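Note that numbering that gives the first Met the number 0 has the sequence shown beginning at 0, numbered continuously upward. Glycine is no exception: its CB is placed at the ideal position from the N, C-alpha and C atoms. Bear in mind that the values here come from a model prediction, so they are computed numbers and not experimental data.
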Amino acid sequence: MTKALYLDCHAGIAGDMLLSALVDLGAHPEDIESELKKLPLDQFKLHFQKRVKQGIHAMTLNIDVKESNHHRHVNDIFKMIDDSTLPERVKYRSKKIFEIIGQAEAKIHGMSFEEVHFHEVGAMDSIIDIIGGCIALEQLGINTLYCSAIPTGHGKIHIAHGIYPIPAPATAEILKGIPIAHFDVQSELTTPTGAAFAKGLVSSFGPFPSATIQHIGYGAGSKDFNFPNILRVIQFDSEFEQQDSVQVIECQIDDMTPEALGDFMNNALEQGALDAYYTPIFMKKSRPSTQLTLICKLHDKIYFEQLILQETSSLGVRSTSVNRKILNRAFKILSTQHGTVSIKFGLQNGKIMKMKPEYEDLKKMAKTTNQPFQVIHNEVLQQLYQTYRIGDILQ
Numbered sequence: 000m001t002k003a004l005y006l007d008c009h010a011g012i013a014g015d016m017l018l019s020a021l022v023d024l025g026a027h028p029e030d031i032e033s034e035l036k037k038l039p040l041d042q043f044k045l046h047f048q049k050r051v052k053q054g055i056h057a058m059t060l061n062i063d064v065k066e067s068n069h070h071r072h073v074n075d076i077f078k079m080i081d082d083s084t085l086p087e088r089v090k091y092r093s094k095k096i097f098e099i100i101g102q103a104e105a106k107i108h109g110m111s112f113e114e115v116h117f118h119e120v121g122a123m124d125s126i127i128d129i130i131g132g133c134i135a136l137e138q139l140g141i142n143t144l145y146c147s148a149i150p151t152g153h154g155k156i157h158i159a160h161g162i163y164p165i166p167a168p169a170t171a172e173i174l175k176g177i178p179i180a181h182f183d184v185q186s187e188l189t190t191p192t193g194a195a196f197a198k199g200l201v202s203s204f205g206p207f208p209s210a211t212i213q214h215i216g217y218g219a220g221s222k223d224f225n226f227p228n229i230l231r232v233i234q235f236d237s238e239f240e241q242q243d244s245v246q247v248i249e250c251q252i253d254d255m256t257p258e259a260l261g262d263f264m265n266n267a268l269e270q271g272a273l274d275a276y277y278t279p280i281f282m283k284k285s286r287p288s289t290q291l292t293l294i295c296k297l298h299d300k301i302y303f304e305q306l307i308l309q310e311t312s313s314l315g316v317r318s319t320s321v322n323r324k325i326l327n328r329a330f331k332i333l334s335t336q337h338g339t340v341s342i343k344f345g346l347q348n349g350k351i352m353k354m355k356p357e358y359e360d361l362k363k364m365a366k367t368t369n370q371p372f373q374v375i376h377n378e379v380l381q382q383l384y385q386t387y388r389i390g391d392i393l394q
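Here it is in structure tokens:
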């Protein structure tokens with residue numbers, strides 16, 4: 000059995016809404032503030048209080064802060080987190096969210112990741128939202144997160160670089176591959192910080208899974224609308240495998256180069272395909288050919304059918320809806336002599352069925368230590384199997 004959290008983003012998601020919702024769920028504000036003060040930040044005070052949003056009682060957050068007007072680079076924020084005594088999983092999750100925002104900003108402004116000025120993300124309130132949210136998740140013992148489709152709103156927004164359409168450039172970049180829900184509201188409903196939380200920490204997107212609800216928390220946004228501007232978080236114990244339906248789209252291709260096929264697969268996965276792969280086959284006239292198989296959510300069927308017709312040489316596609324069963328997933332941080340690694344667990348009835356270290360973490364560790372990838376991989380696996388055992392209940 001593992002603690003899981005569902006983010007019901009009917010009115011969007013922002014960092015302060017999530018932190019407020021987690022406090023309403025049961026995280027302790029005093030402990031969050033105490034943990035945050037382990038960081039070299041300017042003086043601040045967190046004020047959580049209940050407000051009524053269109054008849055719904057929800058938690059809100061106001062931050063009193065005395066902040067100097069300096070910009071922070073991504074490496075400054077990473078060093079601040081690394082040098083702290085925060086729990087390892089809090090460090091990992093926080094850095095992952097900052098990294099997602101930094102990569103989006105770097106791409107938009109045409110600069111390297113290290114050059115990004117966190118003039119907005121580096122502000123005190125955003126640091127508190129991100130790291131405070133990860134602290135609250137750790138307090139509550141949340142291992143796995145799920146999320147609804149995310150509405151962005153529409154209209155115009157004033158940002159540091161001028162007036163832009165909603166979603167803001169960074170938000171749109173971060174939300175690539177994430178299902179968007181239409182909500183006809185002329186206002187920004189989802190911020191870059193909220194989008195990065197979803198992108199970095201959520202295992203899967205869709206409707207609420209079959210489960211028994213344990214606790215519910217409500218976090219209110221600062222704006223008032225004619226609907227409850229709240230984020231609802233639902234805690235449940237994830238005991239069984241997930242079951243859902245997905246769309247399988249296939250076609251045969253015999254006249255595209257390997258380079259073009261590889262480019263299409265990368266693009267499809269970036270656009271949110273659950274999986275894509277090629278199978279070598281023989282077609283009529285004994286021609287060697289390739290079968291493309293793409294798996295996506297049911298609601299993405301039309302989009303990916305059109306993508307295949309536009310970007311491959313195929314003149315048609317076949318689509319089939321199939322059922323699938325998935326082991327529950329959970330993540331934990333493993334501390335090694337070379338640094339920390341995120342471990343992905345596959346669980347059934349709370350028992351460990353599968354476990355493996357995240358490849359990207361191993362790759363970074365090998366590069367940082369200047370050691371062969373296989374050496375790092377073997378050392379981490381040895382420590383992993385000394386720490387956890389297949390069949391044990393994941394604590």
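Margin query: Tell me which residues share the same chain as Met-16 and place their Cβ nearer than 6 Å to its Cβ, disregarding the 5 neighbours each side in the sequence.
Written below: In the sequence shown, residue 16 corresponds to position 17, counting from 1. Cβ-Cβ distances below 6 Å link Met-16 to Gly-218, Gly-220 and Leu-230 in the same chain, with the five nearest sequence neighbours on each side left out; the list follows chain order.
Item checked: Close Cβ partners of Val-99 (< 7 Å) along its chain, the five nearest in sequence each way excluded -> On the sequence shown, residue 99 is found 100 positions in, with the first residue counted as 1. Going by the sequence as given, residue 99 is Ile instead of Val. Excluding its 5 nearest sequence neighbours in each direction, Ile-99 has C-beta neighbours in its own chain below 7 Å: Ile-173, Ala-195, Lys-198 and Gly-199, listed in chain order.
Next item on the list: Go ahead and label Gln-138 buried or exposed: buried means 16 or more other beta carbons lie within 10 angstroms of its beta carbon, across all protein chains shown.
Entry: Residue numbering aside, residue 138 sits at position 139 when the sequence shown is read from its first letter. With 16 or more other Cβ atoms within 10 Å, it is buried.
Item checked: Element boundaries [alpha helix (DSSP H), containing Val-340] -> Here residue 340 refers to the residue found at position 341 when the sequence shown is read from its first residue. Element bounds for Val-340: not the alpha helix (DSSP H) but the beta strand (DSSP E), 338-347.
Note to self: Which residue marks the beginning of the beta strand (DSSP E) containing Asp-7, and which one marks its end?
What the structure shows: Position 8 of the sequence shown, counted from the start, is the residue given in the question as residue 7. For Asp-7, the enclosing beta strand (DSSP E) covers residues 1-7.
Notebook entry, point to check: Is the beta carbon of Gly-14 less than 8 Å from the beta carbon of Gly-216?
Noted result: The count along the sequence shown starts at 1 and reaches residue 14 at position 15. The count along the sequence shown starts at 1 and reaches residue 216 at position 217. Contact: no.
Next item on the list: Give, in chain order, every unbroken run of the alpha helix (DSSP H) that is at least 4 residues long and sits entirely within the segment 214-289.
Entry: The qualifying runs are 257-269.
Item checked: Asp-23, enclosing alpha helix (DSSP H) - first and last residue -> As a working mapping, residue 23 is identified with position 24 in the sequence shown. 14-24 is the extent of the alpha helix (DSSP H) around Asp-23.
Next item on the list: Count the CB pairs spanning the segment 313-327 and the segment 284-304 that are closer than 8 Å, and state whether there are at least three.
Entry: With the cut-off at 8 Å, the segment 313-327 and the segment 284-304 touch.
Notebook entry, point to check: Are there 16 or more other CB atoms within 10 angstroms of the CB of Thr-84, so buried, or fewer, so exposed?
Noted result: As a working mapping, residue 84 is identified with position 85 in the sequence shown. By the 10 Å Cβ count, Thr-84 comes out exposed.
Next item on the list: Answer with buried or exposed for Thr-395, where buried requires no fewer than 16 other C-beta atoms within 10 angstroms of its C-beta.
Entry: Residue 395 is absent from the model: the chain starts at 0 and stops at 394.
Checklist line | Cα-Cα separation, Leu-40 to Asn-322 | finding: What you label residue 40 is simply residue 41 of the sequence shown in a count that begins at 1. What you label residue 322 is simply residue 323 of the sequence shown in a count that begins at 1. A direct Cα-Cα distance of roughly 49 Å separates Leu-40 from Asn-322.
Notebook entry, point to check: Residues in its own chain within less than 7 Å of Gln-381 by CB, not counting five upstream and five downstream?
Noted result: Start at 1 with the first residue of the sequence shown, and residue 381 comes out as number 382. So the list is empty, once near-sequence residues are dropped.
Margin query: Just to check my reading of the structure: Ile-389 and Ile-351 have Cβ atoms closer than 8 Å, yes? What is that Cβ distance to the nearest angstrom?
Written below: The residue given as residue 389 occupies position 390 in the sequence shown. The residue given as residue 351 occupies position 352 in the sequence shown. The beta-carbon distance between Ile-389 and Ile-351, rounded to whole angstroms, is 6 Å. This is short enough to meet the 8 Å contact definition.
Checklist line | Rounded C-alpha distance that separates His-337 from Pro-356 | finding: Along the sequence shown, read from residue 1 onward, the residue named residue 337 stands at position 338. Along the sequence shown, read from residue 1 onward, the residue named residue 356 stands at position 357. Rounded to whole angstroms, His-337 and Pro-356 show a C-alpha spacing of 14 Å.
Next item on the list: Give the straight-line distance between the Cα atoms of Thr-339 and Gly-140, rounded to the nearest whole angstrom.
Entry: Numbered from 1 along the sequence shown, position 340 holds the residue referred to as residue 339. Numbered from 1 along the sequence shown, position 141 holds the residue referred to as residue 140. Cα to Cα, Thr-339 sits roughly 19 Å from Gly-140.
Item checked: Simplified DSSP state of Ile-392, which is helix, strand or coil -> Here residue 392 is taken as the residue at index 393 of the sequence shown, counted from 1. Looking at Ile-392 - three-state DSSP - the assignment turns out to be strand.
Check: Terminal residues of the continuous alpha helix (DSSP H) containing Lys-65?
Finding: On the sequence shown, residue 65 is found 66 positions in, with the first residue counted as 1. Element bounds for Lys-65: n/a, residue is neither H nor E.
Notebook entry, point to check: So the alpha helix (DSSP H) Arg-92 belongs to, where does it begin and stop?
Noted result: Position 93 of the sequence shown, counted from the first residue, corresponds to residue 92. Counting along the chain, the unbroken alpha helix (DSSP H) around Arg-92 starts and ends at 87-108.
Check: In or out: Tyr-358 buried (at least 16 other Cβ within 10 Å) or exposed?
Finding: Counting from one through the sequence shown, the residue named residue 358 turns up at place 359. Taking a 10 Å sphere around the C-beta of Tyr-358, we find fewer than 16 other C-beta atoms and assign the residue as exposed.
Notebook entry, point to check: So which of Gln-185, Val-89, Leu-45 and Asn-142 has the shortest CA-CA distance to Gly-11?
Noted result: On the sequence shown, residue 11 is found 12 positions in, with the first residue counted as 1. Out of Gln-185, Val-89, Leu-45 and Asn-142, the CA that lies nearest to the CA of Gly-11 is found in Gln-185.
Check: How do the segment 23-43 and the segment 149-164 stand: do at least 3 beta-carbon pairs fall below 8 Å, yes or no?
Finding: Contact between the segment 23-43 and the segment 149-164 is absent: fewer than three C-beta pairs spanning the two stretches fall below 8 Å.
Notebook entry, point to check: Taking the alpha carbon of Val-115 as the point to measure from, which residue in Met-123, Ala-167, Ala-103 and Leu-136 has its own alpha carbon closest?
Noted result: Position 116 of the sequence shown, counted from the start, is the residue given in the question as residue 115. Checking every option, the nearest Cα to that of Val-115 belongs to Ala-103.
Check: To the nearest angstrom, how far is it from the Cα of Ile-158 to the Cα of Ala-169?
Finding: On the sequence shown, residue 158 is found 159 positions in, with the first residue counted as 1. On the sequence shown, residue 169 is found 170 positions in, with the first residue counted as 1. Our two residues, Ile-158 and Ala-169, have alpha carbons roughly 11 Å apart in a direct line.
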